[in-house]
Amino acid sequence: MDVKPGRRRYSSALRDEQAEATRTRILEALVRTMAAGVAGLSIPAVAREADVSIPTIYRHFGSKQGLIKALNPYVVEKGGLSPAMPRSVEDLGPSVRGLFRNLEAMDLTLREAMASELGNEARRAMMPERLVMVRDYVGRLAPDLPDAELARLADVTLILMSSAGFRAYKDYLGLGPDTSASLVTWAIKTLLEGARRAEEGST
């Protein structure tokens, strides 16, 4: 009687491991397909690249939108693009520096995939979730500011810390990840101080 439950647990764990490996293989194939310049999302093309059947993709992701939605968390994890949330202004610099260093070191295929139109679509799909995260982020740095000011600061912070922003610092200003991080840290701190002064002046 004790053996069967153990077997079921083992089989379940093995199935979970196999399912996760298949999901990863499909996402890796999607990234390669995107990097190759395929316009839009072609499930048959991804299936061929991953060496799985089309029904297997739908079984693991449910739909095209499900596959796109899974792409951004995969890229964030693979690229190390989820910085440690700062709990104080002093933590801000190391957090931004770590993010930009990881962006600089990102695998070329992954970078090309996320620069594609489908990569942009995946980012847009995740934008509401990212905004919530950044608003929480900014709220930790300036808990004394009103919600309207925190929302505006979060919107600007999102852009300052984005991969597109980092590319602009590199391409337009010739800055590396550490110098870019110092610039962004200075800008965010300056915005926070300005918002605080404006709030104090209005009371």
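Quick note: the sequence shown, position 184, residue 382 per my numbering, numbers continuous.
Glycine included, every Cβ here is placed at the ideal spot set by N, Cα and C.
- Using a Cβ distance threshold of 8 Å, Tyr272 and Leu225 count as a contacting pair.
- Proximity of the region 347-357 to the region 326-337 meets the contact definition, three or more beta-carbon pairs being nearer than 8 Å.
- Rounded to whole angstroms, the gap between the alpha carbons of Val244 and Pro326 is 27 Å.
- The DSSP assignment places no complete beta strand (DSSP E) segment of no fewer than 3 residues inside the region 329-357.
- Around the beta carbon of Asn270, 16 or more other beta carbons sit within 10 angstroms, so the residue counts as buried.
- In the structure shown, Asp376 falls within a helical segment according to DSSP collapsed to helix, strand and coil.
- Within the same chain, and ignoring the five residues on either side of Ile255 in sequence, the residues whose Cβ sits closer than 8 Å to its Cβ are Ile224, Ile241, Val244, Ala245, Ala248, Leu265.
- Three or more Cβ pairs closer than 8 Å define a contact, and the region 374-392 meets that threshold against the region 281-297.
- For Glu275, the uninterrupted alpha helix (DSSP H) segment begins and ends at 262-277.
- In the structure shown, Ala234 adopts coil according to DSSP, grouped into three states.
- The Cβ atoms of Met359 and Val330 do not sit closer than 8 Å to each other.
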